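Chain order of the listed sequences is B and L.
Throughout, the working numbering is defined as the position within the first sequence, counted from one, plus 573.
Throughout, the working numbering is defined as the position within the second sequence, counted from one, plus 661.
What follows is a single structure, written as structure tokens, with notes after it.
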Amino acid sequence: MNDPQKTPVPSTTEWKSALAGVFTEVMEDLAFAFAEAGPTMADTRQSFIHVMMRFSGPLRGKVRMAVPESLCRELSANILGMEADHAESVRLSHDALREILNTICGRFLRELPNNKEGFDLTPPVTGRMRLEEVRAFAGSKDAASFLVDDSPVFVGAVFDE
Amino acid sequence: MAYNVLIVDDSETIRAVIRKTLSLTMLPVNVVHEAGNGQAALECMQKHWVDVVFADLNMPVMSGMEMIDYMAERGRLTDTPVIVISTEGSPKRVDELMAKGVRGFIAKPFTPERFKETMEEVLGKETVHE
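In structure tokens form, the structure reads like this:
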């Protein structure tokens, strides 16, 4: 039986539109990087880092992102105000990526219809992605594709029914 | 008067950004302590005098909310103002924080201007420019 109080899961069009706007803003405001719509296939020559976090509240699910390792370093350097090859920005590149997703997730959830309540987030987790995993994610209906400073980035959300 | 500040965030990147942002506000800051979670922050406050705490909410070990609850139960939020810096800025969550005794909220990403405004609001404009 359906729960009449349950918050309806947004349509793919709704959440992808919200995510695209938030992603572009956060890249610009936090990482000083320019984002635009990108190709749906990953450049297979690059090494990708995966970052994921879960959310719960009126809606439950997860947000994830796949970013080329070289871009991670660039974004980290931008946030810290350092050169991309600076040892500190390289050391903190995964940490910076987790913070970028944390900020995206927080803003994204507030942008969704029927989700103005508070929500709880788990700390983001990073790891390396195998090539077939990048391809599968990039080609899935749960992912949106972007180009950030000319590098492909895939961002996606999954809502628990 | 120069302030002793405690930055509580599990992200080392964000702690570095907050530290840099604080320096850009030109407000009088003395010592800047850092902690990676609420538990480490409480331990830091036992060892050091802290005038103001900037805390994230979403952290492992002990979250910012758990740290705030712990401080509120012991009446410590009156003596040591806590300013939350988080992405979790729904009106309901901000109201909940303020009701617990949190003194300010800064949404991520933030600017030096927003930091300065909030510090002036929380600590008093005259005090921070003494």
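C-beta atoms are modelled at their ideal positions from N, C-alpha and C, and glycine is treated no differently.
None of these values were measured; they are calculated from a predicted model.
- Item | N- and C-terminal bounds of the alpha helix (DSSP H) containing M726(L) | Element bounds for M726(L): G725 to E734.
- Closest Cα partner of H694(L) within the set S724(L), L718(L) and V669(L): V669(L)
- Task: Could you have a look at D658(B) and say whether DSSP puts it in helix, strand or coil?
- Result: coil
- Using Cβ-Cβ distances below 7 angstroms, what residues of the stretch 660 to 672 of chain B are close to chain L? L665, D668, A669, R671 and E672
- Min CB distance E774(L) to chain B below 7 angstroms: no
- Message: Using 7 angstroms as the threshold, is the C-beta distance between R754(L) and V783(L) below it?
- Response: no
- Are the Cβ atoms of T695(B) and M626(B) separated by less than 7 angstroms? By the CB criterion at 7 angstroms, T695(B) and M626(B) fall inside the cutoff.
- chain B contact residues for R754(L), given Cβ-Cβ distances below 7 angstroms: G691
- So, using beta-carbon positions, are S751(L) and E672(B) closer together than 7 angstroms? no
- Message: With a threshold of 7 angstroms between beta-carbons, can P696(B) be considered close to chain L, or not?
- Response: Chain L contact via Cβ: present.
- Query: Any idea if M720(L) is buried or exposed, counting beta-carbon neighbours within 10 angstroms, 16 or more meaning buried?
  - Reply: buried
- Message: Can you look up T748(L) in the DSSP assignment and give me helix, strand or coil?
- Response: coil
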